[in-house]
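Residues 155 to 562 (my numbering) are what the sequence shown spells out, left to right.
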Amino acid sequence: MAEDAEVGLSSRTERKALEREKILQRERERKILRLIGHVLKKPQAERSEEETAVLLRHKDAVEDLSRRHVRRNVLKKRQEEVCDDPEELRNKVRQLAQAIKQANHLVVYTGAGISTAASIPDYRGPNGVWTQLQRGCRVSSSDLSRAEPTLTHMCISKLHTENMVKHVVSQNCDGLHLRSGLPRGAMSELHGNMFIEVCVTCSPAREYIRLFDVTERTSLHRHGTGRKCSHCGSELRDTIVHFGERGTLEQPLNWKGASRAAEFADVILCLGSSLKVLRKYNCLWCMNRPASKRPKLYIINLQWTAKDNLADLKINGKCDDVMTLLMKELNLDLPGYDRAQDPIFTLATPLLPEEEDSHNREVITLECRPQEDLGEAERHAAETKVVQGGWFGRGYGKGRRKKKKKYN
Ligand SMILES: [Zn+2]
Numbered sequence: 155m156a157e158d159a160e161v162g163l164s165s166r167t168e169r170k171a172l173e174r175e176k177i178l179q180r181e182r183e184r185k186i187l188r189l190i191g192h193v194l195k196k197p198q199a200e201r202s203e204e205e206t207a208v209l210l211r212h213k214d215a216v217e218d219l220s221r222r223h224v225r226r227n228v229l230k231k232r233q234e235e236v237c238d239d240p241e242e243l244r245n246k247v248r249q250l251a252q253a254i255k256q257a258n259h260l261v262v263y264t265g266a267g268i269s270t271a272a273s274i275p276d277y278r279g280p281n282g283v284w285t286q287l288q289r290g291c292r293v294s295s296s297d298l299s300r301a302e303p304t305l306t307h308m309c310i311s312k313l314h315t316e317n318m319v320k321h322v323v324s325q326n327c328d329g330l331h332l333r334s335g336l337p338r339g340a341m342s343e344l345h346g347n348m349f350i351e352v353c354v355t356c357s358p359a360r361e362y363i364r365l366f367d368v369t370e371r372t373s374l375h376r377h378g379t380g381r382k383c384s385h386c387g388s389e390l391r392d393t394i395v396h397f398g399e400r401g402t403l404e405q406p407l408n409w410k411g412a413s414r415a416a417e418f419a420d421v422i423l424c425l426g427s428s429l430k431v432l433r434k435y436n437c438l439w440c441m442n443r444p445a446s447k448r449p450k451l452y453i454i455n456l457q458w459t460a461k462d463n464l465a466d467l468k469i470n471g472k473c474d475d476v477m478t479l480l481m482k483e484l485n486l487d488l489p490g491y492d493r494a495q496d497p498i499f500t501l502a503t504p505l506l507p508e509e510e511d512s513h514n515r516e517v518i519t520l521e522c523r524p525q526e527d528l529g530e531a532e533r534h535a536a537e538t539k540v541v542q543g544g545w546f547g548r549g550y551g552k553g554r555r556k557k558k559k560k561y562n
């Protein structure tokens, strides 16, 4: 027994010593990295003999730090918003108009960049949700339900009416394509729609379109909205697909529609997306075909995108500006959004009287109440309200673990 206790004691002491040694080792590594970083900032001629020796002794760390530096610069460059000058923009839009006229099957892919004019922040732009979250900032926003389809949404819808656009694939959950009048069958909302809750117990799944953001209480892997299906009594769920989740709902995701559209596409037009996420969906890009057999790719975005190097044409401009020029080139009138025509009002299922208090989000109404009509307190609340829960603001972050390296 006494021996056992001694073994236990010594192993505990050993463990402690080992822990301490680990901590000291980490301290030493940090110190070396700091020193190397400091030396690397100096011009070569100004480095002392001792400093040069340190660099030589820690070649691995030097290489790693230089790589990180290059990477940081590349990332910074990708964040920059670039705008083509007016003449170049007009030229490029002319080429795009030509491609659209000649296209047999034009498919449009959209991202958050097309909604920024609707006061919905994009994800990776300088003030985007993603950028803010990475900086550790809280995301606040005036109420999302206040947003209306932008000129770009309306133009896309118009191009569909004119039979020029065959299908729209969007990563946006803001429901603005639906509200622009685009028919359900002509769109795939790959990451869901904040206005739609569904009963998956009913077969086929039963949809309830609402006039408010149904995702207030939902987050990653928690999709229950708290309301019940009026047919079978099961709990309804939202349709949002978070990072790390696989979207399995047939609607509004409509993956079938998206992949069929890509299969037939001869031109793909991407608007307002960094394509970092869309790029990963292989079936959207026909990458299994040789390059010459793939659809032509046109990209409109202010920042770098993951497909820039494969694009036939990259237009650096704001979506609304480009669409305005494009409609002119195509001899089409600029469409406007008319709240009275917004299909969401006819599609929506009203809440039952006992469900009226089941949410706290603002309801879209036929009469738009402009900001100026709000009282001072209301306006302040709307502007400073931090959006909690739901598709926006929480659950959209993606944890990234950094690999630690050892330097001796
Ligand atoms: Zn049901």
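No residue lacks a Cβ here, since even glycine has one placed at the ideal position from N, Cα and C.
For I498, the enclosing alpha helix (DSSP H) starts and ends at I498 to L501. For V319, the closest alpha carbon among the candidates Q325, G339 and V236 is that of G339. With a minimum length of 3 residues, the unbroken runs of beta strand (DSSP E) contained wholly in the region 331 to 391 fall at 341 to 343, 350 to 353, 360 to 363 and 378 to 382. Where S428 is concerned, there is no enclosing alpha helix (DSSP H), because DSSP gives it neither an H nor an E. Here the alpha carbons of G267 and L501 stand approximately 26 Å from one another. Ranked by Cα distance from Y452, the options L172, L260 and A207 are led by L260. For H377, the CB contacts under 6 Å within the same chain, skipping 5 residues up- and downstream, are R391 and D392 in chain order. Secondary structure note for K468: its beta strand (DSSP E) is the uninterrupted segment L467 to I469.
For T264, the enclosing beta strand (DSSP E) stretches over residues L260 to T264. Residue side-chain check: R360 places its Cβ nearer than 8 Å to a non-hydrogen atom of ligand 1.
Per the coordinates, the alpha-carbon of L330 lies some 15 Å from the alpha-carbon of I394. Here K472 has L456 as same chain residues with Cβ atoms under 7 Å from its own Cβ, once five neighbours each way along the sequence are excluded.
The three-state reading of DSSP puts L438 in helix, counting H, G and I together.
Around the CB of M441, fewer than 16 other CB atoms lie within 10 Å, so the residue is classed as exposed. Per DSSP, reduced to three states, the secondary structure at I254 is helical.
Annotation for C356: C383, H385 and C386 place their beta carbon closer than 7 Å to its own, counting only its chain and skipping 5 residues before and after. In its chain, beyond the 5 residues on either side, L219 have a beta carbon closer than 7 Å to the beta carbon of G191. Between D475 and the set S427, T304, V224 and D367, the nearest pair of CA atoms involves T304. Around the beta carbon of T503, a 10 Å sphere encloses fewer than 16 other beta carbons of the protein chains shown; the residue is thus reported as exposed. Nearest to I254 by C-alpha distance, out of A494, E483 and L229, is E483. The beta-carbon separation of S342 and G411, rounded to 5 Å, stays under the 8 Å limit for a contact. Remark: C-beta atoms of H345 and N326 approach each other more closely than 9 Å. L451: member of the beta strand (DSSP E) spanning K450 to I454, first to last residue.
H321: member of the beta strand (DSSP E) spanning V319 to S324, first to last residue. The DSSP-derived three-state label of V517 is coil. Remark: the shortest separation between the CB of G380 and any heavy atom of ligand 1 does not fall under 8 Å. Beyond the five residues adjoining it in sequence on each side, K195 comes within less than 8 Å, by CB distance, of no other residue in the same chain. E370 and Y362 do not touch by the CB rule: their CB atoms are close to 15 Å apart, not below 8 Å.
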